[in-house]
Every structure is written in C-alpha cells, then in structure tokens.
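Colleague: Okay, handing you the structure first.
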Amino acid sequence: MFYDISTISTTYIAVQRGCCVALPFHFRDFFTKERVIAGVIFIYVSGMACYVPVFATSLLLPARDSQTNATQVRLVFSSGSDKILAAVDILKKFALTFAGEFLALLSLMAIVIGMKSASEFRHASSHTGCTRDGNVTFGGTNQRDGDQLHRTDTAPAVSKSQRKEKKIVRQVLLITTVFIVCNTPQMVASIVGRVVPGVDLFGHNRNVYFLTYTVVNVFELFNSSFNFFIYYKFNTKFKEIVDDALCN
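So the sequence shown is numbered by the UniProt record's numbering: it starts at 1 and just counts up by one.
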C-alpha cells in the first residue's frame with residue numbers, strides 16, 4: 001500500500017517538474033500551496049482506499065494445527081475474495097504502473113524540450129547585444145566599426161544556468177529510468193497472473209506466483225532506496241536537510 005502511495009507521489013512530482021518547465025508563467029497560479037496539500041492528501045486517501053476491499057474480505061483468525069498441537073493466527077479470505085484480489089491487482093499493478101510510467105515519460109519529454117528551447121533562446125540572446133552608444137551588435141561585433149564586444153558579465157550567468165539545467169535533466173532522467181525499470185516487473189507479473197492459469201495466491205502454480213512477486217519486491221526495494229541517493233546527489237535543498245539531520 002505504501003509503495004503504491006510512493007509510486008503516485010513520484011508521478012505527481014514528475015508532473016510538477018514537467019509543468020514547471022512547460023508552463024513557467026502559470027505554474028505558481030496552478031500549483032498553489034492549498035492545491036499541493038490537497039493533492040498529497042488525495043494521494044494518501046486514494047492509495048488507502050484501493051485496499052479497503054482487500055481488508056473487508058480478509059480476517060485474521062486463530063487456527064489450531066493438529067500435527068504440532070499449536071495455535072497460529074492465519075489469514076482467512078471470504079468467498080469471492082479471489083475476484084476482488086484480481087481486480088485490485090489489475091488496478092494497482094497494471095493500470096496505476098502504466099499510467100505512472102506514461103506520465104513520467106511525458107514529463108521528461110516536456111522538461112527536455114523546454115530546457116532545449118530555453119538554452120537556444122539564451123544562446124541567441126547572448127549573441128545579440130547593445131553597445132554603449134546604442135548601436136545594435138550581433139555575434140559580439142559592432143556593426144558600425146567592427147570592434148569586438150566582450151560580454152564577460154553574461155557568460156557566467158549563461159554557463160551557470162546551463163549547468164543547472166543539465167543537472168535537472170540528469171536527475172529526472174535517472175528517476176524516470178529507475179521508476180520504469182523497477183515497476184515494469186509489476187506489470188509483467190500482473191499480465192502473467194491473468195494469462196497463465198493457476199498463477200495466483202490460491203492456484204496450483206502458487207509457487208511460481210510467490211517466486212514472481214519475490215522478484216517484484218526486490219525491484220520495489222531497489223526503487224525505494226535508490227531514489228534517496230538520486231535526490232541526495234542532485235537536489236541541493238534535500239542534501240542540506242539530510243546533512244543537518246545527520247549532524248544534529
């Protein structure tokens with residue numbers, strides 16, 4: 001459940017970054033503080049609501065084992081729970097994952113295209129200037145007397161902006177790549193469970209089911225842990241917060 005909430009949150013952040021680049025003048029008006037808080041609350045509520053049918057059709061009951069003469073607490077499912085589990089599995093492991101990957105790719109494309117357009121605009125602007133006497137210059141050359149114009153004040157700013165943009169693109173690219181690679185096994189496992197008979201919690205191929213979802217869980221753990229290091233490497237504010245927490 002919490003991994004699904006993390007998946008939706010990652011997608012939400014990716015969409016925010018894409019909108020920040022694609023719609024820079026409308027971003028603050030749309031993603032206000034109240035809307036962001038409401039969005040986070042909606043993510044948690046919807047993520048928990050998906051598991052309500054599962055909790056409603058399962059119980060923890062004591063069961064006595066005659067061979068070991070011991071009482072154990074076991075998970076017992078009611079009738080018709082297999083259909084509910086299948087529906088929830090399709091919803092959160094296929095539809096949710098596919099939608100998240102699709103939106104993450106769209107956001108990455110928006111960021112790359114937006115950064116490229118901004119870089120081209122700055123590059124064109126850096127080659128267009130004005131001399132002290134009002135003569136327009138192109139490419140750093142005075143069109144009247146041919147004197148070279150040195151703009152040492154704008155070059156560092158452009159270079160700093162380019163480095164920052166490349167850093168953002170690398171961060172989003174890494175997060176999107178890890179997100180897609182680690183969540184694709186969920187989609188494959190969900191499709192296999194629907195296509196191959198008996199590959200489910202109650203089927204005769206349940207050992208294959210357990211093995212498949214063990215591999216899926218390994219990828220999920222890798223995704224959850226690796227994102228921390230990505231944000232720590234590329235997000236300066238996140239790095240400062242972590243360093244302050246560890247130092248204190």
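Every residue gets a Cβ at the ideal spot worked out from N, C-alpha and C, and that includes glycine.
1. When you compare only the Cα positions, how much space is there between Leu108 and Val208?
2. What is the rounded straight-line gap between the Cα of Gln72 and the Cα of Gly18?
3. For Ser58, write down the residues that DSSP places opposite it in a beta bridge.
4. In whole angstroms, give me the CA-to-CA distance for Gly139 and Ser119.
5. Can you pull the DSSP bridge partners for Thr71?
6. Given 8 Å as the limit, is there contact between the region 97–116 and the region 174–189, that is, 3 or more CB pairs closer than that?
7. Are Met1 and Gly47 close, meaning C-beta to C-beta below 8 Å?
8. Using a Cβ-Cβ cut-off of 7 Å (strictly less than) and excluding sequence neighbours within five positions of Phe77, which residues of its own chain qualify?
9. Give the secondary structure of Phe2 by DSSP, where H, G and I count as helix, E and B as strand, and everything else as coil.
10. Kindly indicate which three-state DSSP category Pro185 falls into: helix, strand or coil?
11. Report buried or exposed for Thr32, applying the criterion of at least 16 other Cβ atoms within 10 angstroms of its Cβ.
12. Are Tyr12 and Ile43 touching if we call contact CB-CB under 8 Å?
13. If I'm right that Ile111 touches Leu174 with Cβ under 8 Å, what's the distance once you round it to whole angstroms?
14. Three Cβ pairs or more, each shorter than 8 Å: is that satisfied between the region 61–71 and the region 160–169?
15. Quick check on DSSP: helix, strand or coil for Leu201?
16. Taking C-alpha atoms, which residue in Thr184, Gly193, Met187, Gln171 lies nearest to Phe234?
17. Determine the closest residue to Arg74 out of Gln186, Thr7, Arg64, Ala189, with distance taken between C-alpha atoms.
18. Can you tell me which of Phe121, Phe219, Pro62, Val15 puts its alpha carbon nearest to the alpha carbon of Val188?
19. So, helix, strand or coil for Leu246, using DSSP?
20. So Leu201 and Leu85 are supposed to be a Cβ contact under 8 Å. How far apart are they, rounded?
21. What are the boundary residues of the alpha helix (DSSP H) that Ala49 is part of?
22. Roughly how far, in whole angstroms, is the beta-carbon of Ser224 from the beta-carbon of Ser6, given that I think they are within contact range, below 8 Å?
23. Quick check on Gly80: buried or exposed, where buried means 16 or more other Cβ atoms within 10 Å of its Cβ?
24. When DSSP labels each residue in this structure, what does Leu23 get in the three-state scheme?
25. Is Asn235 helix, strand or coil when you go by DSSP?
26. Do Gln16 and Lys93 count as a contact pair if the criterion is CB distance below 8 Å?
Modeller: Looking at the coordinates:
1. Indexing the sequence shown from 1 puts residue 108 at position 108. Indexing the sequence shown from 1 puts residue 208 at position 208. Using only the alpha carbons, I get a separation of about 35 Å.
2. For the purposes of this step, residue 72 is taken as residue 72 along the sequence shown, with counting starting at 1. For the purposes of this step, residue 18 is taken as residue 18 along the sequence shown, with counting starting at 1. For Gln72 and Gly18, the distance between alpha carbons rounds to 51 Å.
3. As a working note, residue 58 is residue 58 in the sequence shown. DSSP lists Phe77 as partners of Ser58.
4. Here residue 139 is taken as the residue at index 139 of the sequence shown, counted from 1. Here residue 119 is taken as the residue at index 119 of the sequence shown, counted from 1. Residue placement at Gly139 is poorly supported in this model, since its pLDDT is 46, which falls under 50; the coordinates still yield a value, given next. Cα-Cα distance, rounded: 16 Å.
5. For this step, residue 71 is matched to residue 71 along the sequence shown. Arg64, per the DSSP bridge assignment.
6. The region 97–116 makes contact with the region 174–189, as at least three CB pairs between them are under 8 Å.
7. For this step, residue 1 is matched to residue 1 along the sequence shown. For this step, residue 47 is matched to residue 47 along the sequence shown. Yes, Cβ-Cβ distance for Met1 and Gly47 is below 8 Å.
8. To locate residue 77, count along the sequence shown from 1; it is residue 77. Non-local C-beta neighbours of Phe77 in its own chain, meaning closer than 7 Å and more than five positions away in sequence, comprise Thr57, Ser58, ordered along the chain.
9. The residue given as residue 2 occupies position 2 in the sequence shown. Reduced to three states, the DSSP call for Phe2 is helix.
10. Within the sequence shown, residue 185 is the residue found at index 185, counting from 1. Helix, per DSSP.
11. One-based indexing of the sequence shown puts residue 32 at position 32. Classification of Thr32: exposed, given that the 10 Å Cβ count is below 16.
12. By one-based count along the sequence shown, residue 12 stands at place 12. By one-based count along the sequence shown, residue 43 stands at place 43. Closer than 8 Å, so yes.
13. Here residue 111 is taken as the residue at index 111 of the sequence shown, counted from 1. Here residue 174 is taken as the residue at index 174 of the sequence shown, counted from 1. Not a contact, Cβ separation roughly 13 Å.
14. With fewer than three CB-CB distances shorter than 8 Å, the region 61–71 does not count as touching the region 160–169.
15. Along the sequence shown, one-based indexing puts residue 201 at 201. In the displayed model, Leu201 falls within coil according to three-state DSSP, outside both helix and strand.
16. Numbered from 1 along the sequence shown, position 234 holds the residue referred to as residue 234. Closest in alpha carbon position to Phe234, among Thr184, Gly193, Met187, Gln171, is Gln171.
17. Locating residue 74 in the sequence shown gives position 74, counting from the first residue. If we check each option's Cα against that of Arg74, Arg64 comes out closest.
18. Along the sequence shown, read from residue 1 onward, the residue named residue 188 stands at position 188. Closest in C-alpha terms to Val188, from the list Phe121, Phe219, Pro62, Val15, comes Phe219.
19. Taking the first residue of the sequence shown as 1, we reach residue 246 at position 246. Leu246 falls in the helix class under three-state DSSP.
20. Within the sequence shown, numbered from 1, the residue matching residue 201 stands at position 201. Within the sequence shown, numbered from 1, the residue matching residue 85 stands at position 85. Between Leu85 and Leu201 the Cβ distance is about 7 Å, and since that is below 8 Å, they are a contact.
21. If you number the sequence shown from 1, residue 49 lands on position 49. DSSP places Ala49 in the uninterrupted alpha helix (DSSP H) bounded by 33–49.
22. Here residue 224 corresponds to residue number 224 of the sequence shown, with the count starting at 1. Here residue 6 corresponds to residue number 6 of the sequence shown, with the count starting at 1. Approximately 6 Å separates the beta-carbon atoms of Ser224 and Ser6; this is inside 8 Å, confirming the contact.
23. Sequence index remark: in the sequence shown, residue 80 carries index 80 (1-based). Its Cβ having fewer than 16 others within 10 Å, Gly80 is exposed.
24. Numbered from 1 along the sequence shown, position 23 holds the residue referred to as residue 23. It is coil, neither helix nor strand.
25. The residue given as residue 235 occupies position 235 in the sequence shown. In the three-state DSSP reduction, Asn235 falls in the coil class, being neither helix nor strand.
26. Working through the sequence shown from its first residue, we reach residue 93 at position 93. Working through the sequence shown from its first residue, we reach residue 16 at position 16. Contact: no.
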